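Engineer:
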Ligand code: GDP
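Residue numbers (the UniProt record's numbering): 10 to 204.
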């Protein structure tokens, strides 16, 4: 049987690891202009405002998701701050990340081609168990669609990605669902009750 690890606190009490309140570093990947910053601003602030993009910059924004089983997941969301223009991102960007979203724009076949590159980058630099979501953003622009839903879905399956979803940061469609679904796919879960 697996032995439960425990840590003795100073007062002698046994402290169980906190599996109910998770903190998760999530990194955004994808070409410039696909809507990464807008997705974060929509999720964290409930706004669609390209002008507020400059406020993100060097650091990260955080937002907590509460799941029905009582788990809370606090996402620390790292935006590229434009670094994706320089082909590669610093290894520091990936360090400690347990979730990633690879974003493309459904109206740009080129941005979808680049998603393949970003998935390879993740496989090279990120830790093995990372939960990866493929995100087709700008779903409100259906009339300009260049990337078929089925093609992206097949790509996500071939690459064993945890999730594929189409979103619109503009209309807020599927934005909360994106993060909630990632939260549900995280490997760390509260211990199941003994059978
Ligand atoms: P980033 O470079 O990937 O961070 O992209 P931004 O978040 O700066 O967005 C790039 C452009 O796409 C901006 O002009 C946004 O207004 C626009 N945009 C972002 N998300 C959406 C969306 O869901 N629908 C539409 N129609 N435009 C969007």
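Note that the Cβ used here is the ideal one computed from N, Cα and C, for glycine as well. Quick caveat: nothing in here was measured; it's all calculated off a predicted structure.
Counting only the same chain and skipping the five closest in sequence on each side, list residues whose C-beta sits under 8 Å from that of residue 131.
Structural biologist: So the list reads 38, 103, 109, 111, 139, 141, once near-sequence residues are dropped.
Engineer: Can you look up residue 67 in the DSSP assignment and give me helix, strand or coil?
Structural biologist: Since pLDDT at residue 67 reaches only 46, below the 50 mark, its modelled position is unreliable, and no value is offered.
Engineer: I need the DSSP call for residue 114, collapsed to helix, strand or coil.
Structural biologist: Residue 114 falls in the strand class under three-state DSSP.
Engineer: Rounded to whole angstroms, what's the CA-CA distance from residue 191 to residue 159? Just pull it up for me.
Structural biologist: Rounded to the nearest angstrom, the two C-alpha atoms are 20 Å apart.
Engineer: Taking the alpha carbon of residue 40 as the reference point, which residue from 89, 171, 54, 83 has its own alpha carbon closest?
Structural biologist: Answer by Cα proximity: 89.
Engineer: Can you tell me which of the three DSSP states residue 156 falls into?
Structural biologist: In this structure, residue 156 counts as coil in the three-state DSSP scheme.
Engineer: Residues in its own chain within less than 8 Å of residue 29 by CB, not counting five upstream and five downstream?
Structural biologist: 79, 80, 81, 199, listed in sequence order.
Engineer: If you follow the alpha helix (DSSP H) that residue 180 is part of, which residue opens it and which one closes it?
Structural biologist: Segment: none, residue 180 is in no alpha helix (DSSP H) and carries neither H nor E.
Engineer: If we count Cβ pairs, one from each stretch, closer than 8 Å, do we get three or more for the region 45–54 versus the region 117–132?
Structural biologist: No, because fewer than three Cβ pairs between the region 45–54 and the region 117–132 fall closer than 8 Å, the two stretches do not touch.
Engineer: Report yes if the C-beta distance between residue 85 and residue 45 is below 8 Å; otherwise report no.
Structural biologist: No, they are not a contact pair.
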